[in-house]
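In what follows, a single structure is set out as structure tokens and then discussed.
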Amino acid sequence: MHAPGGTFLIDTAPELRLQLLREKIPLVHAVIYTHAHADHLFGLDDLRLFGHVLGKPVPLYCEENVEAQILASYAYAFAPPGEPLHPGALPLLTLERIGTEPFELLGQTVQPIRLIHGRLPVLGFRFGNVAFCTDVSLIPDESWPLLEGLDVLVLDCLREYPHATHFGLPQSLAVVERVRPKQTYFTHVSHHLDYDATNAKLPPGVALAYDGLRIEVAG
Ligand SMILES: [Zn+2]
Ligand SMILES: [Zn+2]
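Position one of the sequence shown corresponds to residue 62 (our numbering), numbered consecutively onward.
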């Protein structure tokens with residue numbers, strides 16, 4: 062996301078380097094994490110040079126369980142065995158704990174949204190009238206008010222039928238029906254959903270997201 066004070070990412074996907082090159086994003090100032098599953102975390106080392114370019118660590122905003130997973134998976138980055146031999150030898154990162162309280166990041170207000178992903182509590186995020194809710198199979202009662210009045214909702218939709226940890230098409234459409242965003246994009250879409258055939262049968266204002274999709278965030 063391009064915020065007034067810099068660029069931050071939601072998660073660090075394994076293909077992060079390819080995504081940044083494709084989108085021509087030369088610098089990342091911060092990351093906010095939804096959760097620590099491998100498909101959302103394992104591109105973290107691609108942040109390696111940004112801290113050195115910025116002259117300060119790149120903050121990773123995450124919940125306690127995500128922090129523990131990052132420390133376990135990337136121990137070398139946080140507990141280096143002695144002085145590195147050269148400046149880019151290790152990523153320059155800090156961990157910033159978040160919960161469900163809103164916080165300011167690079168001039169943008171970030172409102173975390175509690176979501177349930179199978180049995181795992183994870184976070185979605187709202188920025189102004191745009192919300193990003195991936196990896197969700199249940200929206201708890203307290204989170205529904207945070208999804209009111211949306212211009213754009215980006216929502217998990219894995220396939221036609223339900224999954225233990227993700228919404229399927231009927232659940233995702235039920236969320237759209239209840240929340241009524243002006244526009245919804247389904248994300249985390251698997252190969253089970255053909256792009257054109259699925260888009261053709263989705264209701265107005267609902268479409269599958271795609272790589273490189275850009276969304277304007279106001280406020
Ligand atoms: Zn996940
Ligand atoms: Zn995932």
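We treat Cβ as the ideally placed atom computed from N, Cα and C, and that holds for glycine.
Problem - Member of 91, 168, 235 whose CA lies at the smallest distance from the CA of residue 65 - result: 168
Practice task
Quick one: residues in its chain with C-beta nearer than 8 Å to the C-beta of residue 148, no 5 flanking neighbours on either side, listed in chain order?
Solution key: 113
Practice task
Look at residue 242 and residue 274 and say whether their C-beta atoms are less than 8 Å apart.
Solution key: Not closer than 8 Å, so no.
Practice task
Say yes only if the C-beta of residue 63 is nearer than 7 Å to one or more non-hydrogen atoms of ligand 2, and no if none qualify.
Solution key: no
Exercise for the section: Determine the direct distance from the alpha carbon of residue 142 to that of residue 194, and round the result to whole angstroms. Expected result: 38 Å
Exercise for the section: Could you check the C-alpha separation between residue 225 and residue 219 for me, to the nearest Å? Expected result: Separation of residue 225 and residue 219 (C-alpha to C-alpha, rounded to the nearest whole angstrom) is 11 Å.
Handout entry: alpha helix (DSSP H) segment containing residue 259, residue limits
Key = 256 to 262
Practice task
Would you kindly work out how many angstroms separate the C-alpha atoms of residue 269 and residue 145, rounded to a whole number?
Solution key: 45 Å
Exercise for the section: Please report the Cβ distance between residue 110 and residue 73, rounded to the nearest whole angstrom; I am assuming they are in contact, meaning their Cβ atoms lie under 8 Å. Expected result: Contact annotation, residue 110 with residue 73: C-beta distance approximately 14 Å; criterion of less than 8 Å not satisfied.
Practice task
Could you have a look at residue 178 and say whether DSSP puts it in helix, strand or coil?
Solution key: strand
Handout entry: CA-to-CA distance, residue 191 to residue 171, given in whole angstroms
Key = 10 Å
Problem - Exposure label - residue 201; buried when at least 16 CB within 10 Å - result: exposed
Practice task
Just the C-alpha distance for residue 196 and residue 237, rounded to the nearest angstrom, thanks.
Solution key: 16 Å
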